[in-house]
Amino acid sequence: QPQGNTDSLQQKTSMNITRKDDLVKWLDSLEHEYEQACFAMGMANWNSYSKEGVADLDGAKKKFATIFLNEDARKVIQEWKPKITPNVDAALARRMEMWNRCFIGGAIYADSDIAALENKLQKTITDFQFTFEGKPITRAQVQTQLKMEKNPKRRMQLWLTTSQLSEKVKSDLLALVKLRNEKAKKFGFVNYYSLSLYLNAIDEAWLLQTLNELSEQTDEMFEKFLKVTKKSSAVKKVGPWDFDFALRDAASLSDKYFPKDSVFKTLHEFEQEIGFPTDSLPIKEVVKDIPYGGLSLALNIPKDSRFLVNPTTGKGFYQVAFHEYGHSLQAVFTKDSTPILKGYEWIPGAQCGAFAEGMADVHGEFTDNQLWLESYTKATDNEIQNYMAGRWLPTLYRLRNLLKNFSIEYEMYKNPEANIDSIEHSVFKQYLLVDLDSLALSVKMEKIPSTFAASIWYTSYPCYYQNYILAAMIATQVHEALVNKFGEEIISNPNISAWLTKSFYEQGELIEWSEKIREATGKGLETGAYLRKLGAIK
Numbered sequence: 023q024p025q026g027n028t029d030s031l032q033q034k035t036s037m038n039i040t041r042k043d044d045l046v047k048w049l050d051s052l053e054h055e056y057e058q059a060c061f062a063m064g065m066a067n068w069n070s071y072s073k074e075g076v077a078d079l080d081g082a083k084k085k086f087a088t089i090f091l092n093e094d095a096r097k098v099i100q101e102w103k104p105k106i107t108p109n110v111d112a113a114l115a116r117r118m119e120m121w122n123r124c125f126i127g128g129a130i131y132a133d134s135d136i137a138a139l140e141n142k143l144q145k146t147i148t149d150f151q152f153t154f155e156g157k158p159i160t161r162a163q164v165q166t167q168l169k170m171e172k173n174p175k176r177r178m179q180l181w182l183t184t185s186q187l188s189e190k191v192k193s194d195l196l197a198l199v200k201l202r203n204e205k206a207k208k209f210g211f212v213n214y215y216s217l218s219l220y221l222n223a224i225d226e227a228w229l230l231q232t233l234n235e236l237s238e239q240t241d242e243m244f245e246k247f248l249k250v251t252k253k254s255s256a257v258k259k260v261g262p263w264d265f266d267f268a269l270r271d272a273a274s275l276s277d278k279y280f281p282k283d284s285v286f287k288t289l290h291e292f293e294q295e296i297g298f299p300t301d302s303l304p305i306k307e308v309v310k311d312i313p314y315g316g317l318s319l320a321l322n323i324p325k326d327s328r329f330l331v332n333p334t335t336g337k338g339f340y341q342v343a344f345h346e347y348g349h350s351l352q353a354v355f356t357k358d359s360t361p362i363l364k365g366y367e368w369i370p371g372a373q374c375g376a377f378a379e380g381m382a383d384v385h386g387e388f389t390d391n392q393l394w395l396e397s398y399t400k401a402t403d404n405e406i407q408n409y410m411a412g413r414w415l416p417t418l419y420r421l422r423n424l425l426k427n428f429s430i431e432y433e434m435y436k437n438p439e440a441n442i443d444s445i446e447h448s449v450f451k452q453y454l455l456v457d458l459d460s461l462a463l464s465v466k467m468e469k470i471p472s473t474f475a476a477s478i479w480y481t482s483y484p485c486y487y488q489n490y491i492l493a494a495m496i497a498t499q500v501h502e503a504l505v506n507k508f509g510e511e512i513i514s515n516p517n518i519s520a521w522l523t524k525s526f527y528e529q530g531e532l533i534e535w536s537e538k539i540r541e542a543t544g545k546g547l548e549t550g551a552y553l554r555k556l557g558a559i560k
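According to the numbering used here, the sequence shown is numbered sequentially starting from 23.
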């Protein structure tokens, strides 16, 4: 656990800060308290999932509330931030910028009304008992059956099970959206989505333009996929419930090439090849049944990072393990000793979620590299060639589905009084090219009920969907840079670790994420590499 001075924040803010030296002393003390809170929250989350100890989530959250609901502390940041410009002291100016963001994000994170409604919704969503044909069914079972069910009508009924939950929680979710918006307006933002993007240092106009570009560049490909789906599913009109079934035979490699009990051995062997000393790193790995594919927690950066992976099978299991290991590598190779610049994930504004996911995806992406597949699996050349030729299909569907989920949420925050059911229908038409109103007529239903509120992401990870798209863009752009730099040695050159560490990890949040990408790859983040991987452009 981080050690040091334990003065309370109340005592610290009462000191008279008249000089830069006073400010630095006060910040050091404040950041010690902040790191203690981060450790407590990390430990509580770890115990909550690993079951290794007591998970005191409420106690951990109170530690953050002590810091971020303290008005005196907020005033110190507001008063001193304009005085400390990068010309005066670049590192201190960056600390002030990060604290300014965190005091905004932290005030919302620690807000008791928002937290109470979030907790209520989270409990309802996680505990909800779905039924299908009069019998209980889980989300995972719905997903599995959607891939296997040959009868289109049963597929539709299966897909519609999530509407049972959506109808129940919709009004509470919209109430939560309004609460978050109210808070955002107090900080001078038009809504909570705009505030969230600001805290992640993502330019809103650039983001909308980028997502629009991805949509336009893949429209034609998705239309082709729709025709294939229509044929393979034997339906007159394609519904959203037909996609998983159509994708079930899409490019994949046999699970036998990814033995479950060899995942960490393969992971360590590969990461050692590219220069990471896996035997001596403070990274703990656990396989555990959790509600996510994987979960990485940096408890004490850079001395203690841990991750859990859900015991699934096949290539997907390996990809998740590599992804989570990527999160941990970023944490343990962070050299900045200033707590606010270490990139702890808890408070909105302390890091950019898209960049963190992108750094993890860089490692997950290795498992999709042809040279890696040839070296680390026993798949035949023919099987690998077939996989490489068809892998764009599930990737394309995932992109369009993420665009759909992002758009529903973005519109929801823009106007929570609007008819979100109608917005959901129009967004399905725009990105998945399915007309839910026309489908309702064809199956003699008055309307297709909404399903959007059943997503736990809108409740527990608000304004997050675009991060997965940006992460894929980051990972593919970094991989193109790696190929330019290391060529065929992309899976074997021990200098890769040094390049990744120097370019992306060691400086923590001292440098803005977008600058790191520009510096390392020679250009700002753009859609090119991702679209090339999809085969949408040459």
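Even glycine gets a Cβ: it sits at the ideal position worked out from N, Cα and C.
- C-alpha of Asp78 to C-alpha of Ala66: approximately 5 Å in a straight line.
- Here DSSP, grouped into helix, strand and coil, assigns Gly64 to helix.
- Nearest neighbour of Thr389 by Cα position, chosen from Thr498, Gln165, Ala223 and Phe508, turns out to be Thr498.
- Counted as a single uninterrupted DSSP element, the beta strand (DSSP E) harbouring Arg328 occupies residues Asp326 to Val331.
- Ranking Ile362, Pro438 and Met434 by CA distance to the CA of Gln58 puts Ile362 first.
- Assignment of alpha helix (DSSP H) within the stretch 177-244, counting only whole runs of 4 or more residues, yields 184-208 and 214-221 in chain order.
- DSSP places Asn322 in the uninterrupted beta strand (DSSP E) bounded by Gly316 to Asn322.
- According to DSSP, residue pairing for Glu307 in a beta bridge involves Phe329.
- Residues of the same chain with a CB within less than 8 Å of the CB of Lys282, apart from the 5 flanking positions on each side, are Pro333, Thr335 and Phe339 in chain order.
- Ile147 and Gly316 have their C-alpha atoms some 19 Å from each other.
- The beta-bridge partner set that DSSP reports for Phe526 is empty.
- In the displayed model, Lys560 falls within coil according to three-state DSSP, outside both helix and strand.
- For Thr153, the three-state secondary structure derived from DSSP is strand.
- Distance between Pro158 and Phe152, taken at the CA atoms: about 6 Å.
- Per DSSP, Gln165 is one residue of the alpha helix (DSSP H) stretching across Arg161 to Met170.
- For Cys124, the enclosing alpha helix (DSSP H) covers residues Ala112 to Tyr131.
- In this chain, Phe355 is not harboured by any alpha helix (DSSP H), its DSSP state being neither H nor E.
- The Cβ neighbour count for Glu367, taken over all protein chains shown within 10 Å, is at least 16; the residue is labelled buried.
- Excluding five sequence positions before and after Gly75, the CB atoms of its chain that fall closer than 7 Å to its own CB belong to Asn69, given in chain order.
- Here DSSP, grouped into helix, strand and coil, assigns Pro158 to strand.
- In the assembly as shown, Trp181 is a buried residue. Its beta-carbon has 16 or more other beta-carbons within 10 Å.
- Of all alpha-carbon atoms in Leu395, Tyr432 and Asp94, the one lying nearest the alpha-carbon of Thr288 is that of Leu395.
- Apart from sequence neighbours up to five positions away, the residues of its chain that approach Pro471 with a beta-carbon distance below 6 Å are Ser185, ordered along the chain.
- For Tyr453, the three-state secondary structure derived from DSSP is helix.
- Secondary structure note for Val285: its alpha helix (DSSP H) is the uninterrupted segment Val285 to Glu295.
- For the options Asp80, Asn92 and Tyr453, the alpha carbon positioned closest to that of Gly261 is the one of Tyr453.
- Between the alpha carbons of Glu140 and Arg420 lies a gap of roughly 27 Å.
- If you look at Ala494, you'll find it in the alpha helix (DSSP H) that goes Tyr487 to Phe508.
- Take Glu502, set aside five residues on each side of it, and the residues of its chain with a beta-carbon closer than 7 Å to its own are Ala551, in chain order.
- Glu534 and Ser134 have their alpha carbons spaced roughly 31 Å apart.
- Taking a 10 Å sphere around the C-beta of Asn489, we find 16 or more other C-beta atoms and assign the residue as buried.
- In this structure, Val308 sits near Ser72, with a CB-CB distance shorter than 8 Å.
- Taking Ala256 as reference, the option from Thr40, Lys172 and Asp358 with the minimal CA-CA separation is Lys172.
- Around the beta carbon of Val465, fewer than 16 other beta carbons lie within 10 angstroms, which makes this residue exposed.
- Less than 8 Å divides the Cβ of Ile136 from the Cβ of Leu198.
- Excluding sequence positions up to five before and after Leu236, its CB lies within less than 8 Å of the CB of Leu421, Leu425, Ile491, Thr549, Tyr552 and Leu553, all in the same chain and listed in chain order.
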